[in-house]
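Undergrad: This structure is in structure tokens; I'll ask about it shortly.
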Amino acid sequence: MPSELLPNFANSPRTISIYRCNWEKDVMSNDGVNVQRRRFLTVSTTVVGAVGVVGAAVPFIGSWNPSAKAEAAGAPVKVNIANLEPDSMLSVEWRGFPIFIVRRSEQTLEGIRKLTGQVADPESTEYPDQQPAYAQNPIRARDEHPQIMVFKAICTHLGCVPQYWDVNHPTDRDEWYGGFFCPCHGSMFDMAGRVFKGVPAPSNLEVPPYYYESDSVLVIGLDSEGAAA
Ligand code: FES
Numbered sequence: 001m002p003s004e005l006l007p008n009f010a011n012s013p014r015t016i017s018i019y020r021c022n023w024e025k026d027v028m029s030n031d032g033v034n035v036q037r038r039r040f041l042t043v044s045t046t047v048v049g050a051v052g053v054v055g056a057a058v059p060f061i062g063s064w065n066p067s068a069k070a071e072a073a074g075a076p077v078k079v080n081i082a083n084l085e086p087d088s089m090l091s092v093e094w095r096g097f098p099i100f101i102v103r104r105s106e107q108t109l110e111g112i113r114k115l116t117g118q119v120a121d122p123e124s125t126e127y128p129d130q131q132p133a134y135a136q137n138p139i140r141a142r143d144e145h146p147q148i149m150v151f152k153a154i155c156t157h158l159g160c161v162p163q164y165w166d167v168n169h170p171t172d173r174d175e176w177y178g179g180f181f182c183p184c185h186g187s188m189f190d191m192a193g194r195v196f197k198g199v200p201a202p203s204n205l206e207v208p209p210y211y212y213e214s215d216s217v218l219v220i221g222l223d224s225e226g227a228a229a
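This note's numbering numbers the first residue of the sequence shown as 1 and each following residue consecutively.
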């Protein structure tokens, strides 16, 4: 993936990337979108082992290039989430896709539980392949760290990258506890990546395989240590 695309799903204050079916080729800016409320936390992320270094912020772009080939080949990505604050997110790349990692506060988790009747597939049972079995639950997370959500930031409608809208972002919904908005055709997802009813996207956002090497190190691309990639 061209390195110049990376800021679009990282921490750019002005540019929103619009991904259609071929998201590497079809990128455009959307300066009219108000992204001031997004709380994209700039967190340095560390990739350990053979992969190299992955960055969530623009200044680290130069470090992406060596790892891009490894990631494209399917290597797992290790991310340090120690500095990820509640209701903030960071983005990394895995296998050429933007992966969003969100730490949800207890209040946000409570909000997710209140939305059961408003999301299309609250238990993620309709499309079981959209997440590993350990994330097939209402909050779509592993038991060890239920506050952490990991998902592929590709809208399940036509492949655009959703934007993070925090709890204070204005929406036309009666209940809003933060979530993700797709600017292409208006699909909305809650803070568990579950799609709301009545929007174009047919299913919840996809959860990649992941596990925790420690409380602060997340490995994306494997279900457990030693698992086949
Ligand atoms: S691609 Fe997201 S709503 Fe159409």
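Using N, Cα and C, we set each Cβ at its ideal position, and we do this for glycine too. Note that this is a predicted model, so its numbers are computed, not measured.
(1) Once you ignore the five residues that flank Ala-141 on each side, which residues in its own chain have a CB closer than 7 angstroms to its CB?
(2) Would you tell me roughly how many angstroms separate the C-alpha atoms of Asp-215 and Ala-82, rounded to the nearest one?
(3) Which residues in the same chain have their Cβ closer than 6 angstroms to the Cβ of Trp-23, if we skip the five residues on either side of it in sequence?
(4) Take every Cβ of the segment 199-218, pair it with every Cβ of the segment 171-186, and state whether three or more of those distances are shorter than 8 angstroms.
(5) Tell me, please, which residues DSSP counts as bridged to Gln-163.
(6) What is the DSSP secondary structure of Arg-103, counted as helix, strand or coil?
(7) Output the residues surrounding the ligand FES, defined as those with a CB atom closer than 5 angstroms to any ligand heavy atom, in chain order.
(8) Determine the direct distance from the alpha carbon of Glu-93 to that of Val-53, and round the result to whole angstroms.
(9) Can you tell me where the beta strand (DSSP E) holding Ile-148 begins and where it ends?
(10) By Cβ distance, which residues of its chain are closer than 7 angstroms to Pro-162, with the 5 residues on each side in sequence left out?
(11) For a test of the three-state rule: what should DSSP assign to Val-217, helix, strand or coil?
(12) Among residues of its own chain, excluding the 5 on either side of Asp-129, which ones have a beta-carbon nearer than 6 angstroms to its beta-carbon?
TA: Let's see:
(1) As a first step, residue 141 is located in the sequence shown; it is residue number 141 there, counting from the start. For Ala-141, where only same-chain residues beyond five positions count, the Cβ hits under 7 angstroms are Ala-135, Ile-148 and Met-149.
(2) For the purposes of this step, residue 215 is identified with residue 215 of the sequence shown, where counting begins at 1. For the purposes of this step, residue 82 is identified with residue 82 of the sequence shown, where counting begins at 1. When rounded, the distance between both Cα atoms is 8 angstroms.
(3) Position 23 of the sequence shown, counted from the start, is the residue given in the question as residue 23. In this predicted model, Trp-23 has a pLDDT of only 39, less than 50, meaning its place in the structure is not dependable; the value taken from the coordinates is given anyway. So the qualifying residues of the chain are Gly-159.
(4) At 8 angstroms Cβ cutoff, the stretches touch.
(5) The residue labelled residue 163 in the question sits at position 163 within the sequence shown. DSSP, once it has assigned bridges, lists Phe-181 as partnering Gln-163.
(6) Here residue 103 is taken as the residue at index 103 of the sequence shown, counted from 1. Arg-103 falls in the strand class under three-state DSSP.
(7) The filter returns Cys-155, His-157, Leu-158, Cys-160, Cys-182, Cys-184, His-185, Ser-187 and Pro-200, in chain order.
(8) Within the sequence shown, numbered from 1, the residue matching residue 53 stands at position 53. Within the sequence shown, numbered from 1, the residue matching residue 93 stands at position 93. Confidence at Val-53 is low in this model, with a pLDDT of 35, below 50, so its placement is unreliable and the value that follows should be read with caution. The alpha-carbon atoms of Val-53 and Glu-93 are separated by roughly 11 angstroms.
(9) Counted from its first residue, the sequence shown places residue 148 at position 148. Its beta strand (DSSP E) spans residues 148-152.
(10) As a working note, residue 162 is residue 162 in the sequence shown. Counting only residues of its own chain and dropping the five nearest sequence neighbours on each side, Pro-162 has a CB closer than 7 angstroms to the CB of Ala-153, Cys-155, Phe-180, Phe-181, Cys-182 and Phe-189.
(11) Looking up residue 217 in the sequence shown gives position 217. Note: Val-217 maps to strand in three-state DSSP.
(12) On the sequence shown, residue 129 is found 129 positions in, with the first residue counted as 1. Only residues of its own chain outside the window of five on either side were considered, and among them none has a CB closer than 6 angstroms to the CB of Asp-129.
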